[in-house]
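**Student:** A single structure is presented below for examination.
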């Protein structure tokens with residue numbers, strides 16, 4: 173398979189996942205429920221992303237020394 177010329181690999185962010193979700197929702201509205209599995213998959217990806225981000229944030233907060241916890245907030 174050919175490389176996608178001119179495309180860069182940017183980090184996956186919540187904003188990018190939300191934009192993709194909006195695009196897929198519009199596709200389902202315009203072209204029917206046959207595309208709904210893609211929308212459901214993206215919804216799951218966004219939920220997983222948020223859950224992982226929250227877990228990482230909680231783990232980072234636990235790992236901070238007690239004197240620094242109030243400064244990080």
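In the working numbering, the protein residues as written are 173 to 245. Using N, Cα and C, we set each Cβ at its ideal position, and we do this for glycine too.
1. Just to confirm the assignment: which complete alpha helix (DSSP H) runs, minimum length 4, are found wholly within the region 177 to 214?
2. Inspect the beta-carbon positions of residue 189 and residue 217 and report whether they are closer than 8 Å.
3. Cα-Cα, which of 186, 180, 182 is closest to residue 224?
4. Whose C-alpha, out of 207, 204, 221, is nearest the C-alpha of residue 183?
**Tutor:** Reading off the structure:
1. 186 to 203
2. Here residue 189 is taken as the residue at index 17 of the chain shown, counted from 1. Here residue 217 is taken as the residue at index 45 of the chain shown, counted from 1. Yes, the pair counts as a contact, with Cβ atoms nearer than the cut-off.
3. Position 52 of the chain shown holds residue 224. Comparing Cα-Cα distances from residue 224 to each of 186, 180, 182, the minimum goes to 186.
4. Walking along the chain shown from the start, residue 183 turns up at place 11. Comparing Cα-Cα distances from residue 183 to each of 207, 204, 221, the minimum goes to 221.
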